[in-house]
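Structure record follows, encoded as structure tokens.
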Amino acid sequence: MPIMESAKKRLRQNRKRNVLNRSHKSALKTQIKHFLGAAKEGSAEAAEKELRLTVKKLDKAAAKGILHKNTASRKKSRLTRQLNKIKNAASKKG
């Protein structure tokens, strides 16, 4: 345990940030699962709506420093490619 006041304060801050970061990351993972579920159903419109929300959360997480900006960019790219596959499959059917 820290002895100095500044170290005690730093520990309090770290614990608080850890809880917030974990909650943001958890919400982000849940949003990604929502998108993947909509993508699995094959509904392009629902998947597109979920992708917009997912991209927004990824951008916010990157801005807050919860995710590295390149990690967020990579995830957005991969999810967008999945959506494009669904759209292409739908256009070939119809």
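FYI, in my numbering the residues of the sequence shown are 3 to 96. All residues carry an ideal CB built from backbone N, CA and C; glycine is no exception.
With 9 Å set as the bound, which would you pick, yes or no: does the beta-carbon of Ser8 sit closer than that to a beta-carbon of chain B? The structure shown contains no chain B; it holds only a single protein chain.
Say whether the stretch 5-21 touches the stretch 29-37, bearing in mind that this needs 3 or more beta-carbon pairs closer than 8 Å, one atom from each stretch. Using a C-beta cut-off of 8 Å, the stretch 5-21 makes no contact with the stretch 29-37, since fewer than three inter-stretch Cβ pairs fall below that distance.
Go through its chain and collect everything with a Cβ distance to Ala91's Cβ below 8 Å, but skip five positions before and after it. On the sequence shown, position 89 is the one that residue 91 refers to. Excluding positions up to five away in sequence, the list reads Gly44.
Roughly how many angstroms lie between the CA atoms of Thr7 and Ile68, to the nearest whole one? Counted from its first residue, the sequence shown places residue 7 at position 5. Counted from its first residue, the sequence shown places residue 68 at position 66. For the record, residue 7 in the displayed sequence is Glu; it is not Thr. For Glu7 and Ile68, the gap between their C-alpha atoms comes out near 27 Å.
With distances taken from CA atoms, which of Ser93, Asp61 and Lys95 is nearest Ser79? The residue labelled residue 79 in the question sits at position 77 within the sequence shown. Ranking the options by Cα distance to Ser79, first place goes to Asp61.
Quick one: using the 10 Å Cβ neighbour count with 16 as the cut-off for buried, is Ile88 buried or exposed? By one-based count along the sequence shown, residue 88 stands at place 86. Buried, since its Cβ has 16 or more Cβ neighbours within 10 Å.
Out of curiosity, what's the CA-to-CA distance linking Pro4 and Thr56? Numbered from 1 along the sequence shown, position 2 holds the residue referred to as residue 4. Numbered from 1 along the sequence shown, position 54 holds the residue referred to as residue 56. Each residue's CA atom was taken as its position, placing Pro4 and Thr56 some 39 Å apart.
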